[in-house]
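Take a look at the structure:
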């Protein structure tokens, strides 16, 4: 297992092609717009101190029995799934931002089970490939990105019906030694600072889309891969000298998403996990999405812990912490946070074993989790901004705070309760701003899928027929054949 | 273990004093206002058919190793707690109403742990009493009510400060062989059709309230106990001949609550579990409330399953089931229901062992559960009434439906889709009315405590100091001594 | 103008055929299930005391200049519309229930404008008929019901496509002297105690539905009309001797809805306002619905005033009125109520003159009004039940309260603050139960149309094209022809 | 009246001291961080084109009868108040941001009435001063800022109890020719680009706070005034060359708030409107706050119009505009927006004349308006981010879009529907980001006062006693003297 320092050092050896703000960034490790995301991801490498083993952050490989970083493991029991959620909450409480590494973990786990099932049905060898790759990851502790979202172009059209055939990542050539792929993956969290990327198809597909039914892993600095790093809310502040206005100077905000372009990238067969088995795309999406949606009640509750703490601190600083409406709002925030956490825990504890022997979350409850997140995080932000006060929208800059001419006015007039340093009040205000604005909210909405995607999955799994029977039984309805026939016609 | 029939038969032997609508009800077992609640409670006696054992509804006594009705067990593991939630959801899916028996179960469990701790601290013998009583209950499978809520009079005053000293149940005499108690317990679900009642103090208390710090068990037909059965929404319909308008003819609605008056009731010492140890009242309330709040994401989700099924059926009957807004609302209802379920599961899975060796739910998450219930059940009702249509508020009576003169008009004009029997549409409408109105909603609000009680408990357990530290660490705030002192002054 | 007494007396002369609970009710005026609704409607006849004129409740006829009951007037100015809303709120504050007479008023106003426009387009004489009828109503002060909702059968089918042709009211014969109609109108508020009924088609229609495009007025006791009075939540309590459990003993709850069957009813041509002009059905529905939706922020805010007052009184009685969470909830209730009121006022003040010279509400804002009502009334009910406490679901009956044996226990244990009569606390509890349960909520959801109907109208009127232009202008987008073409293809 | 160009030109003559990011900004008019706010304010100077008069944006002075910019008028009728709301919505539809000038308008109106009442009570001459100043403003069309919010230090302490006496703006010297004031006003919208500033006390005050009871007007470039311009979300983007990432390049976002420091500023008596009359502070705050809260259903609905249009455009661009959930969300957004608008209209139409002869909004409904805004704007933002998709959080920069190397990838992979320019999609995305994030939301929460301030005012005006009487009357409660006495004790 790597340490945090080894992880950062390992990135320096990568030749990943990264662009940001129209420039090629050679040394992305030390670039101020990117470094905070690296710091955040590095927290997943905190697996123990001074020779001690952290039992939460590490586990034993079910393949080799060796101790590995938990982020490289396959979930074999509900307890594993629960430990995942708790690890995510714990790290988020430290990072205050996305630490990115769950997505590759989820990709590995989704592919582990699905490749097994493809092989069973088709006589292919994808699972063998996946297991070999998994051993490599467990052994090297490399960070892998998980990539599902295609650009999609016109969303009302299937991959093969797009005007531009590259709007979904696809195989353009099948060679003896491997495949060549073209297209892109969007919104790729942590792509720039991952060692590997694991690509999967982004939706259910039909026979015409067979070339789009492709899953594989490849190193991020493979020839033909180009990362274009996206903008975030207040991303310019990351470039500033003072850390006062950054909100979360060390770890940034959200995940550092990038567009990852695949310009005819070669992938050897041993790294290919699906290549044409379109009928398994829906299953793979469902598996990956469910594992990924499970997470959000972990990490987002961790972030809400910080936000609640920041609001409570702000109230202390401003002399409002005894007001009943402040107490009420902090309690409500805790309620909203813990509700998300409950959902993550529940879908984990209720995990079941699938054909590959691995443990899969309860997919209905995993979708419930994420749908709550798309609402609760916004209400948390609203309450936080209520408690914090208008000051978070009008705070002057760190340059003003420290200005020899006018710094004294900022010091004087942005002070709260006597004895509290003005800078501390500003820092807490900026943290609240960071956690409740822009990119942070959008990520809670669309990360791991948009709300409508959850609703489709909930509708599919809510067992409406069983529920109808419960109701008609209780209502004393004995359906005649005619009634049953009439209903069958209307449904 | 008793069967359903044996349970009903056993009630006929009880001499419980029951009043309803100003009349003494001698044969309460066959009284149409009460019988549905008995039918509902009887479902907790469905522990197996034809010699087969139902592993969910029964378990092994941790005291004797014998197989017992699960509703008489002490939870020893998180799995026990989870089985409880699943049993509650399962029974609720059959009953469509409260089956009442969880409350006595929770009383037994709360007292099991707390008597142990009192004994440890005080050298008393309450736990021994409790264990003996538990063995009796496990052996006989008697149904026990759990009673916590006092009338409370002026809610701004402590028990000992009330104008009427009987507003909280209290000890009026301590005799050699036992105690004499006076007062009442309110809102007692299932009291009339329980064999036993287990009383507990209803709040934290001080030294002046020592006589109010009393817990005990006694048979429901003990001298001095009087039940006054309350009214429910549409309770008169239970007295009607036709079952069409009843909504849930067999099992009624909610729990059949009664005021239970204790007019100088004698309780032998061996049935006393607390008598003066006021400093443990808060703990007992917290334990009981947490166990009880755990339940609501079980049974209420079971009820929501029926409600969703009823709404889907109504849509089929009316020809609206293909409308996108109907599908969206059914999905939302499922989301609201499963969110409650997640919370119940989470607080169960996260249960921990307490001093007595028993497993206690996570109290924070149990309170989160119930707070969600006080909101989600209402929104479920609102959506149900949206889907059902105005017809559920204007349906004519069963007498009209069957009237020789005008029955034909009711048949004709309340018909939905061709081929569906009008009576079936009415029955489903009445079931929706039953599940989304009046008493059913109030119970979701106040059963196991009112929302404010949850908020107080959440506020107490939300670890605000830890959260503040997370925030200040992340914001880069190193608190000076002066800052720490200033904050200490403001909090 | 009639007085309240004259109104009640006038009903005794009606030969309306009324059925309730399977029985023909000859003297419906004094029937306890119906009388409260008559009392409620009678409040619309409170137009002045002792010779004084109430300027709010009366106005001058724009046709004759004579003083008339406002409920028989045509709105000619925005001020008229505003006075309507204020009159509705004022009466609701007294009745605590639906007083029914707005619906006929709205029917008259909707037909006034639409008949004018039909005549303009078609050369018909409907407006002349309507004006003559209006003069008759203004002169006699007769109460007219407005009837739009057909049974509808299978809601996915048009009138002419139903298996049963009578699922929508229609013309079965056109005679020289008039038309004969068959079918029914559902959910008819106040039908039993109206003198007249004004029928309108219930939706937009096509050429095949021409016989269903029929509007007319007829006296309620015309041959062939049969009323079947529906059930309400707790309707049996209206039959009880004591008024303690009734909640609102004098005025009942909601509107006393009935199914009104038209069994080949003859209507003379002079009372016909539409007979085949199917292309005007949509317009008529929009006009009627908008006028009717305007009302709900008037009357429902009046009801919310009572509910808030009842909750505040209950808090006083229970000793909780100083708790901050109670104050917060009462304030929130007021916020929810006044928001509905604001919407009603706004759509009235923004009324504009239509072709007939009459003033029409802003239809977009009228729909906004009602959509808020379908949400806010439910949240008001939820908060009321929160404040009131579980007691409203478990209160014993008035028979218990007054029982010589056990009345003393009810008196003692349902008492609140010392000095408050227990009966008063029960009465307030029952009023809260009445206002927050069952029928009262359903009426807020579906009266004047279901939420989806509002959404359809809002979507149609929200000027999306204009809004898109605002956005593209601001974003600096100059659309190329190609872009415009692409967008045209996608919309 | 000035034209837009004249307004901008007039600012060049101002010597206002402005700091931003630690630097003195001499030419603030052309500074890219400030200019958008000037452009926005300039829209209030669009009073007619080519000699034509815009009747909406201008009116006749009630003092002189001359035509004046409406933003300098005193509201004399409800129609004036309604025109205000419509003007605000109309301008906001153009600016997409705060145009700042309502706040000085509200200050003038609040002071107009209150100075009249002070003079009546105290025999002072403040109203005369105010009228003279008003004539000057009407004549010159100068833009005045309205300043109420003090820094407040420890919010649990009164002005005179603060550790630092300058935490509230106060009189430090009373001279023969005027007063000298010290302190600051926070969150001052439009301060930098106003000609004048009108200061008012920020809360109710007691006798000890008399020196804090000070109201006056002064030019923004008076000696001793220093502006420190605050940061906004993404404020750095305003400094970029390309306008693609700015969202709203021309008009910025929100209002350009500044801290305005008063370092011993001299104000001549003729510009003083209150100096010690502490007992009128509460009234002035209520007046100003009510006038100011009235606005938010105007301007924020205007902004929501743009946001809805932007989301609809984004859906067109992405091929999702036919999805039922998208239509539903757009409709809901319209509902949320129009609800705010209804409230603003209602509090305006219901305005009443006060002692000075001016028309005052309904203060209860004005507070209802703003409280809805503090919720609806957040939900609008949430729905907008839902519709827009994750892309708004991960869009690359304009530099990337136009880069010769990688621009082609951005062009290709951020394209939506065929035929739509990628840049157009990005522009709409950035506009949605701008309108739904950070500062824009915070302003909706705290501008014109925080939610708790509205709740306090609603609670004060909701006539609870009247509502209680309505309830007890209806419940049939005739209160005994004893009951009345008991209730008086509990309230």
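Protein chains in written order, with this note's numbering: chain A, 232 to 722; chain B, 232 to 722; chain C, 232 to 722; chain D, 232 to 722.
Just so it is clear, CB atoms sit at the ideal spot from N, CA and C, and this is done for glycine as well.
Since we're looking at a predicted model, the values are computed, not measured.
Using a CB distance cut-off of 9 Å, residue 436 of chain A does not count as an interface residue toward chain D. Secondary structure note for residue 447 of chain A: its beta strand (DSSP E) is the uninterrupted segment 445-450. In summary, no residue of the region 471-493 of chain A has a CB separated from any CB of chain C by less than 7 Å.
The Cβ-Cβ distance between residue 673 of chain A and residue 529 of chain A does not fall below 9 Å. As the crow flies, the alpha-carbon of residue 499 of chain D is around 12 Å from that of residue 506 of chain D. Between residue 566 of chain D and chain B, the shortest Cβ-Cβ separation is not below 9 Å.
Look at residue 427 of chain B here: in three-state DSSP terms it is strand. Of all residues in the region 607-630 of chain B, the ones placed with a Cβ closer than 9 Å to any Cβ belonging to chain C are 609, 610, 612, 613, 616, 617, 619, 620, 621, 622, 623, 624, 625, 626, 627, 628, 629 and 630, in chain order. Put simply, the backbone Cα of residue 522 of chain B is about 6 Å away from that of residue 337 of chain B. In this structure, the CA atom of residue 411 of chain D is about 24 Å from the CA atom of residue 385 of chain D. Under the three-state reduction of DSSP output, residue 562 of chain A falls in the helix class.
Between residue 276 of chain D and chain C, the shortest Cβ-Cβ separation is not below 9 Å.
For residue 314 of chain C, the uninterrupted alpha helix (DSSP H) run begins and ends at 309-326, by DSSP.
A residue is called buried when at least 16 other Cβ atoms come within 10 angstroms of its Cβ; residue 246 of chain A does not meet this threshold and is exposed. For residue 677 of chain A, the residues of chain D that pass the 7 Å Cβ criterion are 620 and 621, in the order they occur in the chain. Under the 9 Å criterion on CB atoms, residue 587 of chain B is classed as non-interfacial with respect to chain C. Nearest in C-alpha terms to residue 708 of chain A, of all of B:475, B:515, B:453 and B:699, is B:475. The C-beta separation of residue 515 of chain D from residue 436 of chain D comes to about 10 Å, leaving the pair out of contact by the 8 Å criterion. Per the C-alpha coordinates, the member of B:568, B:330 and B:652 positioned closest to residue 600 of chain A is B:568. Against chain B, a Cβ distance below 7 Å from residue 555 of chain D picks out 555. Counting of Cβ neighbours within 10 angstroms places residue 438 of chain D among the exposed residues, the total staying below 16. The alpha-carbon separation between residue 366 of chain D and residue 299 of chain D amounts to approximately 10 Å. Less than 9 Å divides the Cβ of residue 589 of chain B from the Cβ of residue 344 of chain B. Listed along the chain, the chain B residues whose CB falls inside 9 Å of the CB of residue 521 of chain A amount to none; the nearest CB is some 14 Å away. Taking a Cβ-Cβ threshold of 8 Å, the residues of chain D close to residue 700 of chain C are 540, in chain order. Close partners of residue 559 of chain A in chain C (Cβ separation under 9 Å): 555, 556 and 559.
Neighbours of residue 399 of chain B in chain C, taken as residues whose beta carbon is under 9 Å from its own, are absent, since the nearest beta carbon is some 11 Å off.
Around the CB of residue 654 of chain C, 16 or more other CB atoms lie within 10 Å, so the residue is classed as buried.
Using a CB distance below 9 Å, no part of the region 273-297 of chain A faces chain B. In this chain, the alpha helix (DSSP H) harbouring residue 673 of chain A covers 670-677.
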